[in-house]
Each structure stands twice: as C-alpha cells, then as structure tokens.
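If you're matching positions, the sequence shown starts at 0 in numbering that gives the first Met the number 0 and goes up one per residue. Glycine included, each C-beta is placed from N, C-alpha and C at the ideal position. Structure first, commentary second.
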Amino acid sequence: MEAQTVVDKVRALVAPKAPSPVPRKFVSFVNRLLQAAKIDAEAMLGGSFAKNTYLEDDHDVDVYVLFGKQYRDEEMSDLIALALGGVGGLRRVHGSRDYFQLTKDGYQFEIVPVLAIARPEEARNVTDVSQFHVQYVQERLEMHPGLADEIRLAKLFCKAAKCYGAESYLNGFSGHVLDLLMAHYGSFLSLLEAAVQWPDKFFLDPSGKREDASFLNAAKRAGPLVLLDPMQPNRNAAAALSRERYDAFRKAAAAFLQDPDERFFTVVPLTKEQVVRAHPGRPVLCYALSPLAGSRDVVGTKLLKAHGFVVRSVKEEGFSVVDEGFEFGGERALCFLVVAEEPLPATKEVQGPPVRRGRDADRFRAAHDNVDERRGRLYATEPRVHRTLRSLFLAAQKAAFFKERVAGAKVI
C-alpha cells in the first residue's frame, strides 16, 4: 500500500467526531467563579483544544487565566486559589509560577496563571507566551484548514513511536514542536520525507532568517534538534528533546516510508510479553512502580530515577544489561531489565588498590579474605550477595533513594 493511501485512511479516523463541550463549559465555569470573587482576570481555553488539534482520546486540557501586569506571580496563583477554593479536588502545583490541577467530567484540567500581554517580549515567565502559541497555530489553520488533521497525524505517529511528550521522564516531541514542524513542512508526509534526511544535529528556523545556531548559548543548542520558536527567536522550542527520542522518530519515519502501514499509528502499551518475545531465552525482570501524589511530570521523573537506580545497581553487581526500558502510563510505570545471563557465579572479584599504596593495601587485606595480587594491584574473591535480578531488585526497594521516589513497587 502506498504511503499516501495509508495516510488518507488514518486521516479520516484521527479527527474527533464531534467537539466535546466540556472544555469550553469549564472555562465558562472558571470565569463565573472569578467574577463572583471580584477578581479582575479572564480564563481562556489553551493548548490543543483551543487550536483544535487534539486527538479523540486526549483529555488533558490547558486553561489560561489572564491577569494584568500589575499582579505579581505569587499573587496571581493566590487569586486563582481564592476563586476556585470551593471546588473539590483542586490541587496546587508548585513551580516557577504555581498552577492548579483538577479532574472534572472525565478531563484533567491544568489552570495556569498568565500575564495578559500584547507581545511575547513582555513575558515574565515562559507560560506567558503560551497564549501566542495558540494564536500562531490558529492563524495558520485559518490559511490552511487541513493542517489541523496533519498535526493530529503527527501526534498519533509520535505516540505510537513512543517519542511524544516533553515531560522530563519522556523528553520527546512536544505538541508545540509538532505544531511548528507541521506549519513549516505543510503536511505529515512532507515532514517524514524531510526527517529521514535530518542529520544527527539539525537546525531549523521557520522564519528563514538564521542559517545556524551559533548565536545561541551552548545549553540551548546542546540537543539534536534546534528549532527556533517564531514567538521567541532566541529560544530553542525543542530543547527538551533527547537524542533517543529524536532518533526514534527518524527511525520510525524511515520504516513507515519503506513499508507504509496503519500499525505505525497504533499506540501499543508496553507489556512483559512484548519484552519476553523481543529477547527469547534471555533472563527478564519486569516490575511496576506506583507514583507518589503530585503532578504527572514530577512524579513520572521520580519513577524514572528509581528505575535508573535499579539499572545502576544491576550493573554494579556484575550483570551484563542487554536492554532496559521504562513506560509511565499515569497510574503506574512498567519497567524492565534484560540481562545476558543469570544466576551469576556464586563469587565475585573485588578490585583493590595498587600494592604501592601501602596503607590502603593493608586496609584492603584486612577487610577481605582470599586476596590476590596481579600486575601490581590487589584483588579479593568474595561471596556474591545477589545472583538473580529478582534478589537484587528486592534489595534495591529497601534503599532510601528508591523508597523516596515511589509509592509502591511490584515484580510482575
């Protein structure tokens, strides 16, 4: 099947069948509460629901509450808390400017205080520019109405390739980055055809004014993709994108163009069965981590760090790690480790100091039995505490670093 045929078929499926009234009703609800509290601010719909680029199963809604420039950052957050204080389930999330989360009518709302400014240059916080992101996409959709479905195709493709989402535990393509790429390339297929030609480090200025990223500081051009934000030309909109996710997108693009198929738009959650099938005969450990309370980005990052701690512990014990992975679905994270072999030998060798460091060498001999000297360095043979992945994981669970970052853990 040709790529265009597959894309046309999926395009017919990605557009929401009917706009949900829930997000806009919630904005009206917030405005009524602001007025009742006599707070001079106005709520507006933001993100993909304002741009009309959301997918059918998207239920995360951004709501911006616009304040005049006379308000301080903390004051804006406090006023939202005052107006919405009687709403059950409202949770304040601390950040550079505190925002709020609320689950209502099947949707997860983020209520974000922003400044009502005329130009991006007036922003005091990166969130103040979000309203201009919406305006930028809306203007392009007015000129090219079909672009909305092209953006949806790109989002679904990236979700299926597991490279969508700018959260710290993902470091993938954000919705804003895909908006900018689609506005630049014009169609989903054009984006893929360009992506397979992208070098390991790629620079793109949608305005065409800059030819390279040399004018940016090193931190802003450290990632694989430097995409200048038309609203803030000195900002890399793709700064959060990791090498792993960038390469995953390029690989998926090449695979789709080579063998076009609808499976490239099917989001398949990670399972233990997938891992076992991918590594026949290899020892596999799969475990689930439950998150602490907090924002998805923060708790997801904590879970990823806990998994990283387990991976480091496994390597330090002497296992040869063939593959490892992490996927956070909101309610829990599924993690896996694949090693070359287990159980490990009953004993392990511990490297000591050079013999010439007399005092250190004496301490090493006193601390270990079965000390051997080779090429001027001491080595000791001692019993191995953990010979299997399961044994080591159960021990890692007891470490303070691990326990501080998870609400629960279970081998599956």
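Determine the contact status of residue i and residue j, defining contact as a CB-CB distance below 7 Å.
i    : j    : result
L169 : L269 : no
L54  : K154 : yes
R386 : L336 : no
K200 : P223 : yes
Q3   : Y63  : no
P259 : M0   : yes
V113 : S294 : no
D204 : A14  : no
A122 : H175 : no
V225 : F255 : no
V6   : L188 : yes
A194 : A238 : no
F325 : F400 : no
R209 : A182 : no
P282 : E341 : yes
N369 : A360 : no
L284 : L393 : no
Use the C-beta contact count for residue i: other C-beta atoms within 10 angstroms, 16 or more gives buried, fewer gives exposed.
i    : result
L391 : buried
H306 : buried
G207 : exposed
L33  : buried
L291 : exposed
P198 : exposed
G46  : buried
V405 : buried
R374 : exposed
D127 : buried
G105 : exposed
V384 : exposed
P144 : exposed
A35  : exposed
P22  : buried
K68  : exposed
A40  : buried
Between residue i and the rest of its own chain, which residues show a CB-CB distance below 8 Å, the 5 nearest in sequence each way excluded?
i    : result
V267 : A159, Q273
R90  : F99, Q100, L101
Q107 : H58, D59, V60, Q100, L101
N124 : D72, S95, R96, V113, L114
D178 : K50, T52, H132, Y135, V136, I150
E261 : V5, K8, V9
G88  : L101, T102, K103
Measure from the alpha carbon of residue i to the alpha carbon of each residue in the options, then state which is nearest.
i    : options                : result
T346 : E381, V337, P205, P119 : E381
F99  : L114, F318, L83        : L83
L240 : S27, D211, S173, D97   : S173
V354 : V410, D61, Y245, R376  : R376
V111 : P144, K103, D77, E121  : D77
Q350 : R244, E315, V320       : E315
A212 : P232, R23, E372, L190  : P232
G171 : A247, E210, S312, R276 : A247
I411 : G145, D228, K271, D104 : K271
Y163 : L140, G329, A277, Y245 : Y245
P229 : R242, R118, D322, L393 : R118
R242 : V275, Q257, R220, R234 : R220
A80  : V275, R364, Q69, I38   : I38
E403 : V297, P20, Q69         : V297
F156 : A217, T265, A11        : T265
V321 : F363, H278, E192       : H278
F66  : V275, I116, A11        : I116
Given residue i, which residues of its chain have a CB within under 7 Å of its CB, disregarding the five upstream and five downstream residues?
i    : result
F327 : Y168, G299, L302
F214 : none
V86  : L101
S312 : L391, A395
L190 : A153, L180, M181, Y184
Please return the same chain residues whose Cβ sits closer than 6 Å to the Cβ of residue i, not counting the five positions on each side in sequence.
i    : result
A42  : V26, V29, N30, V62, V64
F412 : A question about residue 412 goes unanswered here, because the residues of the chain that appear run from 0 up to 411.
R331 : A287, S289
A165 : S173, A239
S186 : E149
Q396 : A408
R234 : D228
R364 : V370
Exercise for the section: Please list the segments of the alpha helix (DSSP H) lying wholly inside the region 328-400, counting only runs of 4 or more residues, in order along the chain. Expected result: 357-366, 388-395
Handout entry: Within the region 197-258, ranges of the beta strand (DSSP E) (whole runs, at least 3 residues)
Key = 201-203, 224-228, 231-235
Handout entry: Start-end ranges of the beta strand (DSSP E) lying completely within the region 24-48, minimum 3 residues
Key = 40-44
Practice task
Enumerate, from N- to C-terminal direction, the unbroken alpha helix (DSSP H) stretches of 4 or more residues contained entirely within the region 275-337.
Solution key: 295-316
Problem - alpha helix (DSSP H) runs wholly inside the region 152-186, at least 4 long, in chain order - result: 174-184
Handout entry: Within the region 67-128, ranges of the beta strand (DSSP E) (whole runs, at least 3 residues)
Key = 90-92, 98-103, 106-114
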